[in-house]
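Just remember that this note's numbering sits 236 ahead of the position in the sequence shown, which is counted from 1. Glycine included, each C-beta is placed from N, C-alpha and C at the ideal position. Note that the coordinates shown come from a computational prediction; the quantities given were computed from them, not determined experimentally. Working notes, beginning with the structure itself.
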Amino acid sequence: MIHVGQGVTLRTPLAQSCGSGQTGEHPRQFQKKYPREKTECEKTGFAAATLAACSGDAPTTSTETEVAAPPVETVEAGSTESKYLNEPLVSEIFTADPSVHVWDDGRIYVYPSHDYDAGIPEDDLGSQYAMRDYIVLSMDEVGGEVTIHDVALDVDDVAWAAQQMWAPDAAHKDGKYYLYFPAKDADGVFHIGAAVSASPTGPFTAEPEPIEGSYSMDPTVYEDTDGEYYMYFGGIWGGQLQRWATGKYNADPNLNTDLVNDDPLTSDDEAGQPDDVALMPKIAKMGEDMVSFAEAPKDVMILDEHGDPIKAKDHDRRFFEAAWMNKIGDTYYLSYSTGDTHLIVYATGDNPYGPFTYQGVINQPVEGWTNHHSIFEHNGKYYLAYHDVQLSGKSHLRNVKIAELTLNEDGTFDPVDPMPGE
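Next up, the structure:
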């Protein structure tokens, strides 16, 4: 059973109305997905359960009710029941980029992106990801009843934001909850905003301006064991991190991606091979007010096994987006997405600033182009929250899933295969 705000009009669960919508493509081939024709389901305005996904209408807030929905289930590798390791957490709305937290009440809260179809063709800069609001999910335990809460924050309620409310995160301090989110301003430049609420599910009240000194996307705020808070952020290509290499925004159209760093003609290496250091995620300690930086952002260095910075050409290990931080024992775990190679990987260090040494893969490629995750502990177990496109078959209409993680005695994680039946 799922609890859901009545403002989210529910007529037919997506999983029943649209089917799987599979295309036969698989990201393991590391091939770019090109724009596809809309399905008949989308053309005819399937299930207003997607919050009028095809029309772009946003929901209104209201009270909560209950609707039936499939629980999160797992299947053994090789099972004929499904090729997927897990089923979507919810099927009434499209969700992605899950940031999961377990607050003081012991309940699990998921802060995802809220996908909908704005009819924008796909491109490498993510124009098709036209999200405009945030909706929080919560549950008492993994596999339990899920509540889809009413809208927590809408782009119309953010004075400085114009579009593309991408992957958010949240933090809790002194009885207040903080929602952190990226959005583009009227000039099309990403910044990171903050919003405050007395409730973990909102509604949140946005600060009138973005966080001073912030840029790019994918904020995640980590509370260290000493009570300090740090924001990690950044994402290349559509996330614009490559445009801030000098500390100022560069609008040069040749900087749409970081691939210029792979070009031997731009390299300083005498042998003519690309040797540029990859762009790194950023870190800044949060101010006491939790809506400002206490310092200028710094690079978070990710090193290879030889202690050298990961190179831009190393697409299987270089940072692309989706930084996330955990501390297990005395070890800090920085995990992130490699983007165009569709992996979630991790590196370890001994302090929040790094450097971090690459360790391996946590999540193999999912169905769909993007992957974005978080790692959380609940009742003595570690879990990986991630997304794929099982419900829609379209890279911009995603669904959040949760898988159990295995933490080995040596501190390594076993990689998760999200499609063991493939």
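**Request:** Mark Glu377 as exposed unless 16 or more other C-beta atoms lie within 10 angstroms of its C-beta, in which case mark it buried.
**Result:** exposed
**Item:** Rounded distance between the beta-carbons of Gln399 and Ala366, thought under 8 Å
**Value:** 7 Å
**Message:** Quick check on Gln400: does DSSP put it in helix, strand or coil?
**Reply:** coil
**Request:** Please list, in chain order, all residues of the same chain as Gly565 whose beta carbon is under 8 Å from its beta carbon, the five residues on each side excluded.
**Result:** Gly647, listed in sequence order.
**Request:** Verify whether the separation of the beta carbon atoms of Ile371 and Glu328 is less than 8 Å.
**Result:** no
**Request:** Please name the residue in Asp341, Leu361, Phe469 whose C-alpha comes closest to that of Glu557.
**Result:** Phe469
**Message:** Quick check: what's the CA-CA separation for Asn644 versus Pro651?
**Reply:** Straight-line Cα distance between these residues: approximately 11 Å.
**Asked** In terms of residue numbering, what span does the beta strand (DSSP E) encompassing Phe426 cover?
**Response** 426-433
**Message:** If you follow the beta strand (DSSP E) that Ile384 is in, where does it begin and where does it stop?
**Reply:** Run containing Ile384: 382-390, per the beta strand (DSSP E) assignment.
**Request:** Answer yes or no: do Ile538 and Phe612 have a C-beta to C-beta separation smaller than 8 Å?
**Result:** no
**Asked** Under a Cβ-count criterion, where at least 16 other Cβ atoms within 10 Å of its own Cβ denotes burial, should Gly380 be classed as buried or exposed?
**Response** exposed
**Prompt:** When you compare each of Tyr413, Phe649, Pro334, Val346 to Asp525 by their alpha carbons, which one comes out closest?
**Reply:** Tyr413
**Request:** Go ahead and label Ser573 buried or exposed: buried means 16 or more other beta carbons lie within 10 angstroms of its beta carbon, across all protein chains shown.
**Result:** buried
**Request:** Alpha carbon to alpha carbon, how far is Asn587 from Gly483? Give it in angstroms, no decimals.
**Result:** Going from the Cα of Gly483 to the Cα of Asn587 covers about 24 Å.
**Message:** Counting C-beta neighbours from all protein chains within 10 Å, is the total for Pro654 16 or more, i.e. buried, or is it exposed?
**Reply:** buried
**Request:** Specify the secondary structure class of Ser291 as computed by DSSP and reduced to three states.
**Result:** Bear in mind that the predicted position of Ser291 carries a pLDDT of just 34, short of 50, making it unreliable; the figure below should be weighed with that in mind. Note: Ser291 maps to coil in three-state DSSP.
**Message:** Can you tell me where the beta strand (DSSP E) holding Ile598 begins and where it ends?
**Reply:** 592-599
**Asked** At which residues does the beta strand (DSSP E) containing Asn562 begin and terminate?
**Response** Where Asn562 is concerned, the enclosing beta strand (DSSP E) stretches over 557-564.
**Prompt:** With respect to the beta strand (DSSP E) encompassing Glu613, which residues constitute its N-terminal and C-terminal limits?
**Reply:** 610-614
**Message:** With a threshold of 6 Å on Cβ separation, who are the neighbours of Val346 within its own chain once the five nearest residues in sequence on each side are excluded?
**Reply:** Pro334, Val336, Leu373
**When His408, Gln364, Trp402, Leu415 are compared against Ala388, the one with the closest alpha-carbon** = Leu415
**Request:** Have a look at Val394 and Phe649 and give me their C-alpha separation to the nearest angstrom.
**Result:** 39 Å
**Message:** If you reduce the DSSP assignment to three classes, tell me which class Pro489 lands in.
**Reply:** helix
**Prompt:** Between Met516 and the rest of its own chain, which residues show a CB-CB distance below 7 Å, the 5 nearest in sequence each way excluded?
**Reply:** Excluding positions up to five away in sequence, the list reads Asp535, Val536, Met537, Ile538, Phe555.
**Item:** Residues near Leu683 by beta carbon distance below 7 Å, same chain, minus five either side
**Value:** An answer regarding residue 683 cannot be provided, because it is not within the stretch 237 to 658 covered by the chain.
**Message:** Quick check on DSSP: helix, strand or coil for Thr577?
**Reply:** The DSSP-derived three-state label of Thr577 is helix.
**Asked** Nearest CA to the CA of Asp341: which residue from Pro348, Thr437, Leu321?
**Response** Thr437
**Prompt:** What are the boundary residues of the beta strand (DSSP E) that Thr456 is part of?
**Reply:** 456-459
**Message:** Taking a contact to mean a Cβ-Cβ separation below 8 Å, would you say Gly471 touches Ser450 in this structure?
**Reply:** no
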